[in-house]
Each structure stands twice: as structure tokens, then as C-alpha cells.
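Take 42 as the starting number for the first sequence in this note's numbering and just add one per residue.
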Amino acid sequence: MQTSVEPHPVTTISSVGRHAGEVVVIRGWLYNKRESGKLLFPIFRDGTGLIQGVVAKNAVPPEVFDAVKSLTDESSVIVTGKVRADERAPGGYELDVQRVEVVQRVPEDDPFPITRKEHGVDFLMEHRHLWVRTPRQAAILRVRSEIEKAMHDFFDDRDFTRTDPPILTPAACEGTSTLFPVDYFEEQAFLTQSGQLYIEATALALGKVYSFGPTFRAEKSKTRRHLTEFWMVEPEVAYLELDGLMALAEEFVSHIVARVLERRRPELQIIGRDLSKLASVKPPFPRISYDDAVQLLQEGHAKGELEAKFEWGGDFGSPDETYISAQFDRPVIVHRYPAQVKAFYMEPDPKRPELALACDVLAPEGYGEIIGGSQRTASYELLVQRIQQHNLPIEAFRWYLDLRKYGSVPHSGFGMGIERAVAWICGLDHVRETIPFARMLHRLYP
RNA sequence: ACCUCAGUAGCUCAAUGGCAGAGCAUCCGGCUGUUAACCGGAGGGUUGUAGGUUCGAGUCCUACCUGAGGAGCCA
42 MQTSVEPHPV TTISSVGRHA GEVVVIRGWL YNKRESGKLL FPIFRDGTGL IQGVVAKNAV
102 PPEVFDAVKS LTDESSVIVT GKVRADERAP GGYELDVQRV EVVQRVPEDD PFPITRKEHG
162 VDFLMEHRHL WVRTPRQAAI LRVRSEIEKA MHDFFDDRDF TRTDPPILTP AACEGTSTLF
222 PVDYFEEQAF LTQSGQLYIE ATALALGKVY SFGPTFRAEK SKTRRHLTEF WMVEPEVAYL
282 ELDGLMALAE EFVSHIVARV LERRRPELQI IGRDLSKLAS VKPPFPRISY DDAVQLLQEG
342 HAKGELEAKF EWGGDFGSPD ETYISAQFDR PVIVHRYPAQ VKAFYMEPDP KRPELALACD
402 VLAPEGYGEI IGGSQRTASY ELLVQRIQQH NLPIEAFRWY LDLRKYGSVP HSGFGMGIER
462 AVAWICGLDH VRETIPFARM LHRLYP
């Protein structure tokens, strides 16, 4: 918004340190206020941080004192004041307020609903559009943004091309998850649950590609790890085999964690993250086969640390993943799963055809699977056979089969749900705080 | 669909089957260094809904509604 010409420089709270001793203008909101007789302590926020203002009754005109005294929380204000270094201030600086222009005043009979006291989850989610203004939520969203930037830089530095797959799709990609149906000009369409099949096509065109976009799962999951709409980053690389894929995943995760530690330490501190847990996230990650993992789980059961006895052949449940990851101080890669529990497009292990060349990355501290990937079936005949075994409509996969007919090569890729990565890196107990507006089984508003 | 838990003031919660309460928030008053400030006062209630038991139900019983956590599925 363009306002009247200001005689003093407009700055942000995060950079007031460069203006110590100067009079500056800050455009923001009243975060909170304390008062002690003829002294007022308004705390302002502007999206970059918080700063406490000081207003002494005998130091300013009465209308300025009265304006601040009657200011309501979250009213928008343009504040003019002198920056003063002060050891008592959490940020190191205070603002001696000289002038306040109220842009919009929050009515006192309908105050800002979110206070500095505790609130319940449902209330906060119902007011998510206002909750994002609080320091902790803002810090989480900055970490998310940094993670997204780090991941784009990672792929860009390695000559990947970002190719965006469609969100509206004609049929199930894997035929397992429940999809959201959409009416597409009187034809049945679905919201994508993965861009993988499409980026296999662009990988065979461009060599190294990745996609980043929203994906949708209509499963009625009710856990701290699930959203119905979430964002997934998926690399796909021609001529890459399983070992190379695991190395890529390990470098990728390490790069992201290192970047957040390098650039978003203040945010992690606001969130209260234990940084020592992130410092150990460096290559190499332990790699264990599915067989080894099963043995670990059976030992865990024998020691009484796991309730159910795990039998070879099944997929890991949530308690199993937690137990496996708890054995290590960094993410662990589990590879070569039984083909029967994995998707139809995964390449069989040539040494043991009952296994799929798949790998999952399990995050530490019980955050579970953050990455799932595999080498893809390169053979036309085998892929046809697998599609039939899974009772999928072969006609819908005609274009996908073409990729095996015209210059098929070994290729691999993985997908990482970024909300789970953000939850892990920030140490949150639920993915709903990692995205501005979470979509869940019982949450479509706001 | 399954298991567990919850629903009382704007918010967070208390109340042995016997007068509906506190803290915070809001408003009024006090305090010249407050850090989720403090002190005094005021307003604020269809106890999720519908039945039932009882002299009497926020409390006990039944059904339903809404939400949370888990399991399953997955990223």
C-alpha cells in the first residue's frame, strides 16, 4: 500500500540493527501490549520478527500515548520510532515510539481470537488463517520454504530439468490408493496421486528430471502423518539403477538438512528443535535389506520391544518402521522388498525375482517413511504381465507401455512427501502444521 | 468399518448425584522497565443433541452428532 511520503526510512524488524540510533518507520501489526502506569510496551510484528516499543507518557504528545494505550491486538499500524539497542530486549533492540498511524483497528468487542495462552487443536485449525500469524507457525512456514528452495537448488545443480506432470488424470496410477473423482466434461477424471508415470516419460526424453506439485489421496487416514492433499517432490533418472538411486536419496536428504541448519537456525530455535539430532544427518546412511530389517524386527519382538511378531513377506506397519528407525541416529534406507507388497511397475531383483528393486528412507525419531522409490520395470513383456496380474485396465497404460517399446532403458526414481520432511526437520508432532492450509479427513475449512 | 478418549463462558479447564466456578481474553480503575507482567473491579452460560433413571442430572443410563489420537493404508 502506498502511503503518504515518509521523512524516515521504512525498514523491517529483522534489519533494525542496521539503523541503531536512527528514526525509522515499521509497517506491521500490534502483536501484544503490556503497560505499567505511564509506560506502555507495545510489541510490534511485521512478518520478519518482533520488536518491543516503549512509550513514556511524558515523552510523547498525549494523542500518541492514548492511541497506543487503546490499540487492540493485531490492529495494523505504521509506527515511527527511534531504534535503541537494549540488553533487556530479546532481539537486542527496542523502538522508542514517536508516532503511530492506525491502518485498521481491530474492534474491542470482537478481539483477535488467538491469544498467547494455550488453545486446542480444533480451535487453532478452525482459525488457521489467523494462526499462521503467530511466531512459531511463521517459523515453520519459513523452514518449509527453505526446504523447497534447497530441493530445487539440489536438482538444478545436478542438471535436472523440472517437468510438471498433470494434476487431472484419466486413471489410477497404481490402482491401490483411493482417488478423488472429478467430473471432466461429463467424463470421469481423477486428481493425481503421483506424477511418477508421467515423469518416466519425460526422463526418457530429457535424461534427468524431477517434478514438484500437489498430490491427492482420498484414503480416510486419521493420523499425524497423513494429509489428503500434500506436496511431493519426485526425481526420475534414465540409466539409473537401485544403488545409484539410494545414493541420490541420501545426498538429497543430507543436502536439505544441511541447508536448513545453515540458513534457518533462528527459526528452528523458535520452534524448539533439538539441533543435535539433525547434525548427524550426513552420508552414508545405513542401508539394510528387507531381510535384515525382518531379522531386526524379530529380535525386537524377542526382546519384548515389539508387540507383534513380524513374518517375512508382509509390509512394515507404523510401529515396525518406528522400531527400525530407532536403531539408528540418521535416516535408514531399507531396500529389496517382497514384490508382492510393492507396486506393479517395480523391477524384480535379477538375483531373486521374488524381490522388487525398491527402497524406502525411514526418518529417525519415529517420523516414518519420508521417501519411497524404486527401479522401474524396463521390459515390455514383464510390464504387461504385471498390469494383468494387478487387474489394471491395460488400455489406460498404452502410452506407458510405449516407453518400454521405444528405447526402453533401466531407470529409477523416488518420491518424497515434503510435509513429512518438514515435520521431521522441525520436530513437529503432526504434519498439519507444515502446510499453510492442511486438507484432512475432517478439515476442508478455511 | 475397528479400538481409545473428549465435548461446560470467546479460549484453556474445574465442579462427591445437591447454589454453574477459576485463569486467560474483553471492558473500567491502579502502577515509570514490563517480558505468557502484576493488583482491584465488571460483564459474559440452552453444560454437543434427543430421550431416560431420580425428589433433584454438568455428573448415572441409551442413542445420535462432532472432534482428537491410534490401527489399517501410505509420502
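Ideal Cβ placement from N, Cα and C applies to all residues, glycine included. These numbers were taken from a predicted model, which means no experiment stands behind them.
- At the C-beta level, A462 and I188 come within 9 Å of one another.
- Following the DSSP letters along the chain, one finds D443 inside the alpha helix (DSSP H) bounded by residues R439 to K446.
- By the beta-carbon neighbour count (other beta carbons within 10 angstroms, threshold 16), V450 is exposed.
- About 5 Å separates the CB atoms of R377 and S330; that is less than 8 Å, so the two are in contact.
- Between R371 and P307, the C-beta spacing is not below 9 Å.
- Note on geometry: alpha-carbon atoms of G407 and A334 lie some 16 Å from one another.
- In the three-state reduction of the DSSP assignment, R203 falls in the strand class.
- A straight-line Cα-Cα distance of about 21 Å links R265 and L319.
- The three-state reading of DSSP puts G122 in strand, counting E and B together.
- For D333, the enclosing alpha helix (DSSP H) stretches over residues Y331 to A343.
- Note that the C-beta distance between I54 and L71 is not below 9 Å.
- In terms of Cα proximity to W440, the closest of G458, V472 and T243 is T243.
- In the same chain as I181, and ignoring 5 residues on each side of it, the C-beta atoms closer than 8 Å to its own belong to E308, I312, V463, C467, L469, E474 and T475, in chain order.
- The C-beta of Q229 has fewer than 16 other C-beta atoms within 10 Å across all chains shown, which makes the residue exposed.
- Using a Cβ distance threshold of 9 Å, E277 and G454 count as a contacting pair.
- In the DSSP assignment, the residues bridged to G254 are M273.
- DSSP, reduced to helix, strand and coil, places Y239 within a helical segment of the structure shown.
- A distance below 9 Å separates the beta carbons of Q93 and L136.
- Note: S453 is bridge-paired with V278 and Q416 in the DSSP secondary-structure output.
- By the Cβ test, the region 419 to 435 is in contact with the region 383 to 392, since at least three Cβ pairs between them sit closer than 8 Å.
- For W70, the enclosing beta strand (DSSP E) has its first and last residue at V64 to S77.
- A direct Cα-to-Cα measurement between R169 and P487 gives close to 7 Å.
- Between the region 116 to 136 and the region 56 to 74, the count of C-beta pairs closer than 8 Å reaches three or more; the two stretches touch.
- The shortest CA-to-CA distance from D284 to any of D390, E346 and L112 is the one to D390.
- When the five nearest sequence neighbours on each side are left out, no beta carbon in the same chain lies closer than 6 Å to the beta carbon of K158.
- Taking C-beta atoms as the reference points, A290 and I374 count as a pair closer than 9 Å.
- Beyond the five residues adjoining it in sequence on each side, V402 comes within less than 6 Å, by CB distance, of A290, P372, I374, I411 and I412 in the same chain, given in chain order.
- For S295, DSSP assigns no beta-bridge partner whatsoever.
- The Cβ neighbour count for V144, taken over all protein chains shown within 10 Å, is under 16; the residue is labelled exposed.
- Residue range P222 to Y225 is occupied by the beta strand (DSSP E) that includes D224.
- Judged by beta-carbon spacing, T210 lies beyond the 9 Å limit of F226, meaning their Cβ atoms are not closer than that value.
- Taking V51 as reference, the option from F82, V120 and V105 with the minimal CA-CA separation is V120.
- As summarised for the region 122 to 207, the continuous beta strand (DSSP E) elements at least 3 residues long and confined to that stretch are 134 to 145, given in chain order.
- Looking at the DSSP output, E228 sits in a beta bridge with Y225.
- Here A288 is not near L245, since their CB atoms are 9 Å or more apart.
- A399 and H452 have their C-alpha atoms spaced approximately 12 Å apart.
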